[in-house]
Amino acid sequence: DIVERPSGWEPRLRRIMERYYSAARGAVESERELTNVLGELSRLFDELFKLVWAVKVIGEATPNARAAIVSFGERLSAALMAAVLRSSGIESVWLGGREAGIIAEGDPWEATVDYSSSEEMVREKLNPLIERNVVPVVTGFVAGTREGRTVLLGRGGSDYTATLLGRFLQADEVVLYTDVPGVMTADPRKIRTAKVIERLSFAEAMELALLGAKRMHPKTFEPVMDTDTRIKITMPGANQATIVDNRGGPPPLKAVVVSDDISLVTVTGGGLVGRIGTAAKVTGVAAKLGINILAIMQPITETRISLVVRRHYAEKLATALSEELEYIVSRVNVEEASAVSVIGDGLREPRISSKLVERAAGLGGVKSILWAPGSPILVTFVEPEEAWAIAEQLHEEVVSQWQTG
Numbered sequence: 085d086i087v088e089r090p091s092g093w094e095p096r097l098r099r100i101m102e103r104y105y106s107a108a109r110g111a112v113e114s115e116r117e118l119t120n121v122l123g124e125l126s127r128l129f130d131e132l133f134k135l136v137w138a139v140k141v142i143g144e145a146t147p148n149a150r151a152a153i154v155s156f157g158e159r160l161s162a163a164l165m166a167a168v169l170r171s172s173g174i175e176s177v178w179l180g181g182r183e184a185g186i187i188a189e190g191d192p193w194e195a196t197v198d199y200s201s202s203e204e205m206v207r208e209k210l211n212p213l214i215e216r217n218v219v220p221v222v223t224g225f226v227a228g229t230r231e232g233r234t235v236l237l238g239r240g241g242s243d244y245t246a247t248l249l250g251r252f253l254q255a256d257e258v259v260l261y262t263d264v265p266g267v268m269t270a271d272p273r274k275i276r277t278a279k280v281i282e283r284l285s286f287a288e289a290m291e292l293a294l295l296g297a298k299r300m301h302p303k304t305f306e307p308v309m310d311t312d313t314r315i316k317i318t319m320p321g322a323n324q325a326t327i328v329d330n331r332g333g334p335p336p337l338k339a340v341v342v343s344d345d346i347s348l349v350t351v352t353g354g355g356l357v358g359r360i361g362t363a364a365k366v367t368g369v370a371a372k373l374g375i376n377i378l379a380i381m382q383p384i385t386e387t388r389i390s391l392v393v394r395r396h397y398a399e400k401l402a403t404a405l406s407e408e409l410e411y412i413v414s415r416v417n418v419e420e421a422s423a424v425s426v427i428g429d430g431l432r433e434p435r436i437s438s439k440l441v442e443r444a445a446g447l448g449g450v451k452s453i454l455w456a457p458g459s460p461i462l463v464t465f466v467e468p469e470e471a472w473a474i475a476e477q478l479h480e481e482v483v484s485q486w487q488t489g
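If you're matching positions, the sequence shown starts at 85 in my numbering and goes up one per residue.
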């Protein structure tokens, strides 16, 4: 917010600073630790003020500068958390992601972690602390380049940071705290019969993360997929949780997720038939426009190709396809849609997948169904206004059926 609206930044930043000071006074009971943390917070805010002032003077914030500014929320919170632990009699120190050994390169907002370098450095930095019974508090979603520049790991990257540390430190378990007692079978705000899933495989959990469930970083589970580390997802004080590991467990179908804001862009024409590289030409138009294709569907007759894209890109893509492929395409059609996805390793079994396809096909408002043999996800593209009604039917008549027997 400070970077996006730099005018009047100083009083806004001072208000943020006072909130941190107030939080410290309310949470840190030890006078000695309170004095120490107020000094640490003051040092961090001095650094932040200088950085924002420099951006204001230059009149432009580079991606690296923006990443550095955004990182202060985690750094300030980590410093405060370590002080609270020390005030409670628990030895603790806080470290930024780079100081903890997490090395990443590339896009400052969505950097790629260097696993081999990071593993060595994390063990070198954190194991001595752990061996001395000192609790390290590490900033989430913040890392650093080899040269020391601050980079971020993307939205929701704190969960990703936790599983990276779990991998590098060979942890038995990584606990992720959220605002519900585990991963739910559906959005409980929309489907009241949603319940906590007791067990998920990493494959199922990754599909849910990619669909945006619990706002988890899509890479959350990647670091531990080839390890014996399990992940526990819960909330403070809850007596329920979701356990995610390599084994997974019953029931065969786990969850229903609705994805809005999508469109089907379909090209049709006899010129598509029998031409080598036609699909590449169609997707190439999207690539030139920088439009990500969420899914692609084509019948074996080759007479049409449907691309699934975010809704705000649909008309732009349709226009470009009409202009650039007019020699092979006779019509381009755009349909708004929602996707209702069913996730579960049980879909790998023909008996279960065929039954679900039959059930989904019988529901009103379904445009098309997308599933591949061996895949743990089946997607139905539906009329937007029918999405939650269809999701509830699939949840009640399919997912709940498997959970109860």
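Glycine is no exception: its CB is placed at the ideal position from the N, C-alpha and C atoms. Since we're looking at a predicted model, the values are computed, not measured.
In the DSSP assignment, G250 falls within the alpha helix (DSSP H) that extends over G241 to F252. Straight-line measurement puts the Cα of E194 at about 26 Å from the Cα of A423. Rounded to whole angstroms, Y397 and I375 show a C-alpha spacing of 7 Å. Bounds of any beta strand (DSSP E) do not take in G353, whose DSSP letter is neither H nor E. By alpha-carbon distance to T313, the top candidate from L260, I360 and V349 is L260. A Cβ-Cβ contact shorter than 7 Å links T350 with R388. Excluding five sequence positions before and after G430, the CB atoms of its chain that fall closer than 6 Å to its own CB belong to P336, L337 and I436, given in chain order. Under the criterion of beta carbons closer than 8 Å, A151 and T234 qualify as touching, at roughly 5 Å.
Proximity of the segment 166 to 178 to the segment 116 to 129 meets the contact definition, three or more beta-carbon pairs being nearer than 8 Å. Check the Cα spacing between L348 and each of I360, E420 and T311: the tightest is with E420.
Contact check between the segment 279 to 293 and the segment 303 to 322: three or more CB pairs, one atom from each, fall below 8 Å, which counts as touching. Between V466 and T269, the CB-CB gap reaches or exceeds 7 Å.
Residue nearest to G185 within the set P192, D191, S161 and L253 is L253 (criterion: CA-CA distance).
Straight-line spacing of the CA atoms in L128 and S161 works out to 11 Å. Relative to the Cα of V328, the nearest Cα in the group Y104, V258 and P272 belongs to V258.
It is roughly 22 Å from the alpha-carbon of R276 to the alpha-carbon of I461. Annotated as distal: V369 and L391, with beta-carbon spacing of 7 Å or more.
Here G428 is buried. Its C-beta has 16 or more other C-beta atoms within 10 Å. Within the segment 378 to 420, the runs of alpha helix (DSSP H) at least 4 residues long that lie entirely inside it are, in chain order, 398 to 408. The alpha carbon of G458 has as its nearest neighbour, out of R432, V418, A322 and E131, the alpha carbon of R432. Under the three-state reduction of DSSP, L132 is assigned to helix.
Note that the segment 398 to 418 does not touch the segment 442 to 456; fewer than 3 beta-carbon pairs, one per stretch, sit closer than 8 Å. The segment 175 to 185 makes no contact with the segment 131 to 148, as fewer than three CB pairs between them are under 8 Å. About 20 Å separates the beta carbons of S171 and E102, which is beyond the 8 Å limit, so they are not a contact pair. According to the DSSP assignment, P220 belongs to no alpha helix (DSSP H) but to the beta strand (DSSP E) extending over V219 to V222.
Counting other Cβ atoms within 10 Å of its Cβ, D243 reaches 16 or more and is therefore classed as buried. By the neighbour-count criterion, in which a residue is buried when 16 or more other Cβ atoms sit within 10 angstroms of its Cβ, Y411 is exposed.
M300 sits in coil when the DSSP states are folded into three classes, being neither helix nor strand. Looking only at E481, L295, Q382 and I214, the smallest Cα-Cα distance to V357 is reached by Q382.
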